[in-house]
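Undergrad: Respectively, the protein sequence lines represent chains V and G. Each residue of the first sequence is one higher than the one before, starting from 1 at the first, in the working numbering. Each residue of the second sequence is one higher than the one before, starting from 1 at the first, in the working numbering. Pasting a structure here, questions to come.
Number of protein chains: 2
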Amino acid sequence: MFAPPVNRLITELARLPGIGQRTAQRLAFHLLRASEEEALALAEAIKEVKETVGLCEICFNLAVGPQCRICEDPRRESDVICVVEEPSDVIPVERTNEYHGRYHVLGGALSPIDGVDPEDLHIEELLTRVAAGGIGEVVIATNPTTTGEATALFIADGVRERAPTVTVTRLASGLPVGADLEYADEMTLGRAFRGRTSA
Amino acid sequence: MFAPPVNRLITELARLPGIGQRTAQRLAFHLLRASEEEALALAEAIKEVKETVGLCEICFNLAVGPQCRICEDPRRESDVICVVEEPSDVIPVERTNEYHGRYHVLGGALSPIDGVDPEDLHIEELLTRVAAGGIGEVVIATNPTTTGEATALFIADGVRERAPTVTVTRLASGLPVGADLEYADEMTLGRAFRGRTSA
């Protein structure tokens, strides 16, 4: 129905997550209407990101150059590693301003059903980092989902085996701030009970 | 918080309509994770569309080359012109398979508040087309909104003045198929009454 270049753009936009055919069409028409400058700025930004951004050789966070900005920062505590699933998980942790250590990005979570086994994630690299010494604590911050939990258990076991003196912790699980008991699901409420702290 | 190229990509993505900061971040991380090939295919599609797609010199629909595929198609009836606001409005009309004539894309709707005056739209070009002869009917298919209605009235007047023998029609307004009277708004229901047809 559209000219081939328009169809191609719609197809490419529709491959983005959460962007259906309709939205892709709307975005394509926006880009068609947009100034040459605005549209090409997006195209250039995509190219630039693919050309310049890679993974940190230490922690597998996003990095321009061999190491990410956190691994390069001498002010960050070097004896704590926070383990997250994806590079995008680093941001919310940073935003808390509660954490001043380093990271290790796994690149996903264990999920045998989807064919994600330990060797598909950067788990061995984490264990090597921890076993090399100088690490006091590993904070596991995988998602509180089935796959995230499985990954956390696997990593906790691995760290205990390779570096028995290192403390392994997990993020607390419980009621989110502002939640209402009445609407809390049983899983979350159960966790909140098990993890109750002295008032 | 992110590396500069990542920030730039997020900023550019967030300029798209309906894409907020959060979604832009999610899309950026998707593109970072995506294969080089997939991400660059999107960048290329944007560039290609801006380089190759322009507006039809006759009807201002999108066109690769000087004229759009509809104006170039000798099988389309050349004595009827359907007037729409945007190139994206051509698609739903085409999908009905009810219309076999040509189009005229205004490039928007009159909206003095937003500074859109008749000379900002392709209205003069439409009137010139109609006045040149060979046109039996102009079907105005602007949106049933305040600005679309105002535009329709303005165009109807213009056509009547410049080509008094040409029939000017508007799309019927009324209850959408599958609608429920109970939930219809008064405007729509009022239109449905005024436009009632013999059963």
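Cβ atoms here follow ideal geometry from the backbone N, Cα and C, with glycine treated the same way. Here the structure is a predicted model, which is why all the values come from computation and not from measurement.
Under DSSP, the beta strand (DSSP E) around C82/V begins and ends at which residues?
TA: Note, C82/V: beta strand (DSSP E), 80-84.
Undergrad: Is A41/V close to chain G, meaning its C-beta is less than 8 Å from at least one C-beta of that chain?
TA: With 8 Å as the cut-off, A41/V counts as an interface residue toward chain G.
Undergrad: Beta-carbon separation of L16/V and L16/G under 8 Å?
TA: For L16/V and L16/G, no; Cβs fall outside 8 Å.
Undergrad: Please report whether the beta-carbon of Q67/G lies at a distance below 8 Å from any beta-carbon of chain V.
TA: False, the Cβ-Cβ gap to chain V never drops below 8 Å.
Undergrad: State buried or exposed for N97/V, treating a residue as buried only when at least 16 other CB atoms are found within 10 Å of its CB.
TA: So N97/V counts as exposed.
Undergrad: With DSSP as the reference, label I135/V as helix, strand or coil.
TA: The answer is coil: DSSP assigns I135/V none of H, G, I, E or B.
Undergrad: Quick test of your reading: H122/V and G133/V, contact by CB under 8 Å. State the CB separation rounded to the nearest angstrom.
TA: Contact doesn't hold; Cβ gap of about 19 Å is too wide.
Undergrad: Out of curiosity, what's the CA-to-CA distance linking S35/G and N7/G?
TA: Rounded to whole angstroms, S35/G to N7/G spans 19 Å at the Cα level.
Undergrad: Check whether the stretch 39-47 of chain V touches the stretch 101-117 of chain G, taking contact to mean three or more Cβ pairs, one atom from each stretch, closer than 8 Å.
TA: In short, these stretches do not touch, since the Cβ pair count stays below three.
Undergrad: Am I right that T167/G and G195/G are in contact with their C-beta atoms under 8 Å? What's the rounded C-beta distance?
TA: Actually they do not touch by this definition, with Cβ atoms about 17 Å apart.
Undergrad: By Cβ distance, which residues of its chain are closer than 6 Å to P87/G, with the 5 residues on each side in sequence left out?
TA: Result list for P87/G: N61, L62, V105, in chain order.
Undergrad: Look up R102/V in the DSSP assignment and say whether it is helix, strand or coil.
TA: Three-state result, R102/V: strand.
Undergrad: My assumption, with CB atoms under 8 Å, is that R191/G sits in contact with G174/G. Please give the rounded CB distance.
TA: The Cβ separation is near 5 Å, so the contact holds.
Undergrad: Which residues of chain V have a Cβ atom closer than 8 Å to the Cβ of F29/G, listed in chain order?
TA: In chain order: E86, P87, S88.
Undergrad: Taking only beta-carbon atoms, is E77/V less than 8 Å away from chain G?
TA: So no, E77/V is outside the interface.
Undergrad: Do R170/V and A152/V have their CB atoms nearer than 8 Å?
TA: The answer is yes: Cβ separation under 8 Å.
Undergrad: On a Cα-Cα basis, can you pick out the residue from R102/V, A39/V, C59/V, D185/V that is closest to P77/V?
TA: Position check: residue 77/V holds Glu in this sequence, whereas Pro was assumed. Closest by alpha carbon: R102/V.
Undergrad: Any C-beta of chain V within less than 9 Å: which residues of the stretch 2-30 of chain G qualify?
TA: Under the 9 Å Cβ criterion, the stretch 2-30 of chain G contributes F2, A3, P4, P5, V6, R8, L9, I10, T11, E12, L13, R15, L16, P17, G18, I19, T23, Q25, R26, L27, A28, F29, H30.
Undergrad: Is the beta carbon of A150/V sitting closer than 8 Å to the one on L110/V?
TA: Result yes, Cβ atoms of A150/V and L110/V sit closer than 8 Å.
Undergrad: Would you check if the distance between the CB atom of V93/G and the CB atom of A141/G is smaller than 8 Å?
TA: Going by C-beta atoms, V93/G is nearer than 8 Å to A141/G.
Undergrad: Could you please give me the residues that DSSP links to T142/V through a beta bridge?
TA: Answer is none; T142/V lacks a bridge partner.
Undergrad: According to a CB-to-CB cut-off of less than 7 Å, which residues of the stretch 45-61 of chain V neighbour chain G?
TA: So the list reads A45, I46, K47, E48, V49, K50, T52, V53, given in the order they occur along the chain.
Undergrad: Taking all protein chains shown into account, decide if G65/G is buried (16 or more other Cβ within 10 angstroms of its Cβ) or exposed.
TA: Exposed, since its Cβ has fewer than 16 Cβ neighbours within 10 Å.
Undergrad: Does the Cβ-Cβ distance between V80/G and V139/G come in under 8 Å?
TA: Yes. Within cutoff.
Undergrad: CB-CB under 6 Å to Q21/V, same chain, minus the five flanking residues each way: which ones, in chain order?
TA: Closer than 6 Å at Cβ, skipping near neighbours: A14.
Undergrad: Starting from R170/G, trace the beta strand (DSSP E) both ways and give me its first and last residue.
TA: Counting along the chain, the beta strand (DSSP E) containing R170/G begins and ends at 167-170.
Undergrad: Let me know the secondary structure DSSP gives S173/G once reduced to three states.
TA: Coil.
Undergrad: Taking 8 Å as the threshold (beta carbon to beta carbon), is L32/G in contact with chain V?
TA: Closer than 8 Å to some Cβ of chain V, the Cβ of L32/G qualifies, so yes.
Undergrad: What residues in the stretch 112-134 of chain G bring their beta carbon closer than 9 Å to a beta carbon of chain V?
TA: Cβ contacts with chain V come from no residue of the stretch 112-134 of chain G.
Undergrad: Can you tell me which of R33/G, Q25/G, G54/G, I19/G puts its alpha carbon nearest to the alpha carbon of R33/V?
TA: Looking at the Cα atoms, G54/G is the closest of the given residues.
Undergrad: Go ahead and pull the three-state DSSP assignment for G54/V.
TA: Correct three-state label for G54/V: strand.
Undergrad: Can you tell me whether S88/G is helix, strand or coil according to DSSP?
TA: Correct three-state label for S88/G: helix.
Undergrad: So if DSSP puts A63/V in a beta bridge, which residue, or which two residues, is it bridged to?
TA: Bridge partners of A63/V: G54/V.
Undergrad: In chain V, what lies closer than 7 Å to E38/G by C-beta?
TA: Neighbours of E38/G on chain V, chain order: R15.
Undergrad: Assuming H30/V is part of the alpha helix (DSSP H), what are its boundary residues?
TA: Note, H30/V: alpha helix (DSSP H), 21-33.
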